[in-house]
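Note that the sequence shown covers residues 1 to 257 in the UniProt record's numbering.
Every residue, glycine too, gets a C-beta built ideally from N, C-alpha and C.
Fair warning: this is a prediction, and the values are worked out from it, not measured in the lab.
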Amino acid sequence: MTMPLEIITVPCLSDNYAFLLHSSGSGLTALVDAPEAAPIKAELEARGWGLDFVLLTHHHWDHIDGLEELRQTYSPTVVGAEADAHRLPPLDLAVKDGSVFSLSREDVQVIDVSGHTVGHIAFYFPESKAVFTADSLMALGCGRLFEGSPEQMWQSLSTLAALPADTVVYSGHEYTQSNGAFALTIEPDNPALQDRVVDIAKARAAGQTTVPSLLSLELATNPFLRAGHEAVKQAMGMKDVDSKQVFAEIRKRKDSF
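This is the structure:
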């Protein structure tokens, strides 16, 4: 049995997150997404770590712009979606939904989470109980549908929702406070959501991050995961409507919130 990876949240740009994953046993370090190089290099240098792998979730500039500088400094193996390879930086390992590869003796499962973009992937580490979702499932939200359909995103979120409830969700942005304000317009009487919004306000006032979050908490409070719940359908006046249509309506309301 390998030890769970040590995972460090690295704030980047104005509201992005990158994540460093380190194995104390092997000394191997991986990075999920590369918004900008400077804070990532600073964290690596402070800890005396190298950089062996970079895992890219999707092609948007605020997830890849720091890669070239990191590549020049550390020469990591770069992993990304085969379907997105034409618009990602050059990949050393192209993966797809269902692919499994190994990092420091831990299997990493690749999940297609298209919706925000087509070709967006998530990286799931079952032993470390972690999933890196970037702009698919987010803390109290989900990514705007720039390329995919509501049906695609609902399928992606449903796949992520089926992971073990004690999985920790590492998403790509600090949007949680505004997401919480919107969530209350969908489920104002959800006590778990009310409590979470209070906790988020305290954390942000103290300068703390709200990412990562537990999947169980997302299942209890995130309106985009809860589109299939009868209470949500009832509250939205969509009692007998298919869940993916309810999801589409929630996403539409969030776009104009």
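Item                                                                                                                                              : Value
So V131 packs on L163, CB below 8 Å; how close in whole Å?                                                                                        : 6 Å
Exposed or buried, what is residue 258 when buried is set at 16 or more other beta-carbons lying within 10 Å of its beta-carbon?                  : Residue 258 lies beyond the residue range present for the chain, which begins at 1 and ends at 257; the question has no answer from this structure.
Note down, one range per segment and in chain order, each beta strand (DSSP E) of at least 3 residues found wholly within the region 82-107.      : 93-95, 100-103
Could you round the C-beta distance between D79 and L91 to whole angstroms and report it? I think they count as a contact, below 8 Å.             : In the sequence on display, residue 79 carries Val and not Asp. At roughly 7 Å, the Cβ-Cβ gap stays under 8 Å, so V79 and L91 are in contact.
Per the contact definition of three or more C-beta pairs closer than 8 Å, is the region 232-252 in contact with the region 198-207?               : no
Taking DSSP's pairing of strands, which residues face I121 in a bridge?                                                                           : D112
Should the region 180-198 be regarded as contacting the region 214-221, the criterion being three or more beta carbon pairs within less than 8 Å? : yes
Out of curiosity, what's the CA-to-CA distance linking K96 and I111?                                                                              : 7 Å
Rounded to whole angstroms, what is the Cα-Cα separation between A192 and I121?                                                                   : 29 Å
Could you pull the DSSP bridge partners for A18 from this structure?                                                                              : V10
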